[in-house]
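Going by our numbering, the sequence shown opens with residue 3, and the numbers climb by one from there.
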Amino acid sequence: MIWASGWKLASAVSNAGCLGMIGAGSMYPEILEEHIKKCQAATNKPFGVNLPLLYPDIDKHIEIIIRNKVKVVVTSAGNPATYTSVLKKEGITVIHVVSSSKFAQKAEKAGCDAVIAEGFEAGGHNGREETTTMVLVPLVCESVKIPVIAAGGIATGRQMLASMILGAEAVQIGSRFVASEEASSHVNFKNAVIHAAEGDTVLTLKELTPVRMMKNNFYNKIIDAKRNHASAEDLEILLGRGRAKKGMFEGDMDAGELEIGQVSALINDIKPAAEIVKEIWLQFNEALNKPLK
3 MIWASGWKLA SAVSNAGCLG MIGAGSMYPE ILEEHIKKCQ AATNKPFGVN LPLLYPDIDK
63 HIEIIIRNKV KVVVTSAGNP ATYTSVLKKE GITVIHVVSS SKFAQKAEKA GCDAVIAEGF
123 EAGGHNGREE TTTMVLVPLV CESVKIPVIA AGGIATGRQM LASMILGAEA VQIGSRFVAS
183 EEASSHVNFK NAVIHAAEGD TVLTLKELTP VRMMKNNFYN KIIDAKRNHA SAEDLEILLG
243 RGRAKKGMFE GDMDAGELEI GQVSALINDI KPAAEIVKEI WLQFNEALNK PLK
């Protein structure tokens, strides 16, 4: 949820009854602190910070999170053993995103309170194994004793119920909230999401860090480079700096990197976060109470 989930979206989701998350991956330390303070002013409900461990300034991010008494931290894209004990000493609930049962066991051993089992349908940085949520969630549930949260390809109440039937105790939803009024992503990107069809996203750049993105001119350049036997270094130069910001935050649909999940094909409108939460909850209960045929 980089460039999409700032304090406005996080507080709106928390106020609607869920756990809103600030996506710290696109924020310098001082910007993260600003968003935390604004979120605290906008809601008296719990919220958390999502912290990709592959980004720079992680130590400064951790310091800010502790100083501002954030209650929940979701870590991803790195070794959970590095910071989990530091955070837990401060009374912070730590959840780690995993793409396999092996990594789930490592997170449990590191002391994480829960894991998010994220299938490769998810947008953004992803696992190399390409395990789908339908397969990954029960595998992870069987491999650990701590709570499992399902993620990847979830945007409706029916999908939430299906995840819980598979053994998850909760779900993490990202792509659906990109198409919310409070998301900080550019309106061009939001419109691209609601007009996406099946097959419009792809998992690529495994040579660097696997990422699911929407097909556009930048993606076509990646394909051309690979056809010409580009090295990992060549692809890194092509990616450059700020490519995701260019697309998702600045609205360049041609040259930007457009990170979004497969479930974008099911997203058809932009609406307030509270309405999205209400819609998902109604769908969940309708599916739960629907009699079997």
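Heads up, the beta-carbon is just placed ideally off N, CA and C, and yes, glycines get one too.
- Per DSSP, residue 203 is one residue of the beta strand (DSSP E) stretching across 203 to 206.
- Beta-bridge pairing by DSSP links residue 78 to 54.
- DSSP, reduced to helix, strand and coil, places residue 72 outside both helices and strands of the structure shown, so it counts as coil.
- In the DSSP assignment, residue 167 falls within the alpha helix (DSSP H) that extends over 159 to 167.
- Annotation: the segment 222 to 290 contains the following complete segments of the alpha helix (DSSP H) (minimum length 4 residues), in chain order: 234 to 241.
- Per DSSP, residue 93 has no beta-bridge partner at all.
- DSSP, read as helix, strand or coil, puts residue 122 in coil.
- Minimum Cα-Cα distance from residue 158 among the listed residues 290, 86 and 13 corresponds to 290.
- When secondary structure is reduced to three states using DSSP, residue 13 falls in the helix class.
- Residue 144 and residue 156 have their C-alpha atoms spaced approximately 21 Å apart.
- Taken atom to atom, the span from the alpha-carbon of residue 196 to that of residue 128 is near 22 Å.
- Our two residues, residue 163 and residue 173, have alpha carbons roughly 9 Å apart in a direct line.
- Contact between residue 124 and residue 151 is absent: CB atoms are separated by about 12 Å, not below the 8 Å threshold.
- The C-alpha of residue 119 lies about 14 Å from the C-alpha of residue 82.
- The C-beta distance from residue 179 to residue 16 rounds to 12 Å, too long to fall under 8 Å, and the pair is not in contact.
- Residue pairing by DSSP puts residue 49 in a beta bridge opposite 22.
- Within the same chain, Cβ atoms closer than 7 Å to the Cβ of residue 216 are found at 194, 198, 202, 203, 260 and 262, the five residues on either side in sequence being excluded.
- Annotated as distal: residue 140 and residue 116, with beta-carbon spacing of 7 Å or more.
- According to the DSSP assignment, residue 152 belongs to the beta strand (DSSP E) that extends over 150 to 153.
- Between the beta-carbon of residue 87 and that of residue 131 there is about 27 Å, and that puts the pair past the 8 Å contact cut.
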